[in-house]
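6 protein chains.
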Amino acid sequence: MKISARNTFKGTVKSIEVGAVNAEVILEIAAGVEMTAMITKASAERLGLSVGKEAYAVVKASDVMVAID
Amino acid sequence: MKISARNTFKGTVKSIEVGAVNAEVILEIAAGVEMTAMITKASAERLGLSVGKEAYAVVKASDVMVAID
Amino acid sequence: MKISARNTFKGTVKSIEVGAVNAEVILEIAAGVEMTAMITKASAERLGLSVGKEAYAVVKASDVMVAID
Amino acid sequence: MKISARNTFKGTVKSIEVGAVNAEVILEIAAGVEMTAMITKASAERLGLSVGKEAYAVVKASDVMVAID
Amino acid sequence: MKISARNTFKGTVKSIEVGAVNAEVILEIAAGVEMTAMITKASAERLGLSVGKEAYAVVKASDVMVAID
Amino acid sequence: MKISARNTFKGTVKSIEVGAVNAEVILEIAAGVEMTAMITKASAERLGLSVGKEAYAVVKASDVMVAID
Numbered sequence: 001m002k003i004s005a006r007n008t009f010k011g012t013v014k015s016i017e018v019g020a021v022n023a024e025v026i027l028e029i030a031a032g033v034e035m036t037a038m039i040t041k042a043s044a045e046r047l048g049l050s051v052g053k054e055a056y057a058v059v060k061a062s063d064v065m066v067a068i069d
Numbered sequence: 101m102k103i104s105a106r107n108t109f110k111g112t113v114k115s116i117e118v119g120a121v122n123a124e125v126i127l128e129i130a131a132g133v134e135m136t137a138m139i140t141k142a143s144a145e146r147l148g149l150s151v152g153k154e155a156y157a158v159v160k161a162s163d164v165m166v167a168i169d
Numbered sequence: 201m202k203i204s205a206r207n208t209f210k211g212t213v214k215s216i217e218v219g220a221v222n223a224e225v226i227l228e229i230a231a232g233v234e235m236t237a238m239i240t241k242a243s244a245e246r247l248g249l250s251v252g253k254e255a256y257a258v259v260k261a262s263d264v265m266v267a268i269d
Numbered sequence: 301m302k303i304s305a306r307n308t309f310k311g312t313v314k315s316i317e318v319g320a321v322n323a324e325v326i327l328e329i330a331a332g333v334e335m336t337a338m339i340t341k342a343s344a345e346r347l348g349l350s351v352g353k354e355a356y357a358v359v360k361a362s363d364v365m366v367a368i369d
Numbered sequence: 401m402k403i404s405a406r407n408t409f410k411g412t413v414k415s416i417e418v419g420a421v422n423a424e425v426i427l428e429i430a431a432g433v434e435m436t437a438m439i440t441k442a443s444a445e446r447l448g449l450s451v452g453k454e455a456y457a458v459v460k461a462s463d464v465m466v467a468i469d
Numbered sequence: 501m502k503i504s505a506r507n508t509f510k511g512t513v514k515s516i517e518v519g520a521v522n523a524e525v526i527l528e529i530a531a532g533v534e535m536t537a538m539i540t541k542a543s544a545e546r547l548g549l550s551v552g553k554e555a556y557a558v559v560k561a562s563d564v565m566v567a568i569d
């Protein structure tokens, strides 16, 4: 599947913390660079995510903000 | 300002394409790694974004998806 | 690619209206049922979307609201 | 109330799973077609959602992505 | 319609700037307090928005961030 | 940090309800006007949020909808 979302980062699952209905997944997308995703618990299970597994972080451009110092 | 958004990536503005009311901003957040943001034209102007300027990409964790091959 | 987004609907592109930086894409996901997506113009081009083409609408569960009468 | 969100699908609540602060609500919006929403637990209670009740799934166009095979 | 979105603010349309496919709508939701919405041009037309008209700004709780100084 | 998000409202934390991985934070942004945010539990802790503390609600314009009666 090829998706319209402009931002896709290949990484490795660093941690998964499962809540009642959601799960927080942290991916390392470059050396020392992490990206945190909050997805449903059901999706974390369906994708079979586990620490060390390769995965992508995907973000739609309209959900990205820009900031300056 | 310290914000709850979990994902903040320091980078450099690589391109800005301004539309009627929105603007597409591409940041290089690591060597060869780009992040595309769609923000309002007014925000791009207010922040004084220009190619080569340092800026951050900011993403809320609930807007990040995870994918696998 | 298998994505965490819970909602994926197979459909057909019914219309594309291209703006300066964004594009509005309407998919027919069932007989008489349409779904409207606002994506970047660059993504619409990269995916080669055109009227009549098969495509999917994808939505993260945290972006879905519920309403009652 | 008439809302700007472009996507409204009438359906029936098929399941509700309540977490600590969020709730996952699955609506059947057409025969065999489901839509999953993650809303606050407080909203699920305020709307009085229960299995079998009629409800709408509502999605803003800028939150819809498009994908192709 | 009663919606799960937790944040609804009654206000008055202060300005509308229409682009090719999107429209930026600024509402005054309290004396001196403005809220900016980016919606589709088609929605702005469908709702018949015009300067001075009463309208609501609606935001899902998962789209609200918190910041401190 | 100066952010592209168009909507920033100064307020006071009125309540925090912490779940397994998320936290619901209610800010009073004007007399009698509340705004509810769903952020990660980790962010609520990192920002040191507590009832009575000054904080801002921040919302991207593309996440704001408009409704009329």
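Residue numbers (the numbering used here), protein chains in the order written: chain L, 1 to 69; chain Y, 101 to 169; chain D, 201 to 269; chain X, 301 to 369; chain S, 401 to 469; chain Z, 501 to 569.
No residue lacks a Cβ here, since even glycine has one placed at the ideal position from N, Cα and C.
- Chain D places no beta carbon closer than 8 Å to that of Y/A155, leaving this residue out of the contacts.
- For S/V466, at least one C-beta of chain Y is nearer than 8 Å to its own C-beta.
- The Cβ of L/V59 sits closer than 8 Å to at least one Cβ of chain Y.
- Of the residues Y/A155, Y/M138, Y/K110, the one whose Cα lies closest to the Cα of Y/V118 is Y/M138.
- Between Z/L547 and Y/V166, the alpha-carbon positions lie close to 25 Å from each other.
- From the beta-carbon of S/K402, the residues of chain X found nearer than 7 Å are L347.
- Distance from D/E234 to D/K214 at the Cβ level is roughly 6 Å; contact confirmed, criterion being Cβ atoms closer than 8 Å.
- For Z/S515, the three-state secondary structure derived from DSSP is strand.
- Out of Y/L149, Y/V125, Y/T140, the CA that lies nearest to the CA of L/N7 is found in Y/V125.
- As computed with DSSP, X/L327 is found in a beta bridge with X/V313, X/M335.
- For S/A442, the uninterrupted alpha helix (DSSP H) segment begins and ends at 441-446.
- A residue is called buried when at least 16 other Cβ atoms come within 10 angstroms of its Cβ; D/D269 does not meet this threshold and is exposed.
- Not a single C-beta of chain S is nearer than 8 Å to the C-beta of X/I316.
- Interface with chain L (8 Å Cβ-Cβ cutoff): D/T240 is included.
- Contact with chain Y is found for D/V221, since one of that chain's Cβ atoms lies less than 8 Å from the residue's Cβ.
- Our two residues, S/A420 and Z/V551, have alpha carbons roughly 44 Å apart in a direct line.
- The CB of Z/E528 never comes closer than 9 Å to any CB in chain X; the least such distance is about 16 Å.
- Its chain contains V413, I416, V425, A455 as the residues whose beta carbon lies nearer than 7 Å to that of S/L449, once the 5 sequence neighbours on both sides are disregarded; these appear in chain order.
- No Cβ of chain Z is located within less than 8 Å of the beta carbon of Y/S150.
- Assigned with DSSP and collapsed to three states, Y/A161 falls in helix.
- When C-alpha distances from D/A242 are compared across L/K10, L/A30, L/S43, L/S62, the shortest belongs to L/S62.
- The beta carbons of L/V58 and Y/T136 sit about 12 Å from each other, so the pair does not count as a contact at 8 Å.
- Taking all protein chains in view, the Cβ of Z/G532 is surrounded by fewer than 16 other Cβ atoms within 10 Å, so the residue is classified as exposed.
- X/K302 carries a strand assignment under DSSP once its states are collapsed to helix, strand and coil.
- Residue-level contact check: S/A437 does not touch chain D, since none of the beta carbons of chain D fall below 8 Å from its beta carbon.
- Contact annotation, D/A230 with X/A330: C-beta distance approximately 5 Å; criterion of less than 8 Å satisfied.
- For X/V351, the three-state secondary structure derived from DSSP is coil.
- The beta carbon of L/A5 falls within 8 Å of a beta carbon belonging to chain X, placing the residue at that interface.
- Under the 8 Å criterion on CB atoms, S/S443 is classed as non-interfacial with respect to chain Y.
- Per DSSP, the beta-bridge partners of Y/V166 are L/A57.
- In this structure, the straight-line span from the alpha carbon of Y/K102 to that of L/T40 is close to 26 Å.
- Closer than 8 Å to the CB of L/E24 there is at least one CB belonging to chain Z.
- In this structure, the straight-line span from the alpha carbon of D/L227 to that of D/G211 is close to 6 Å.
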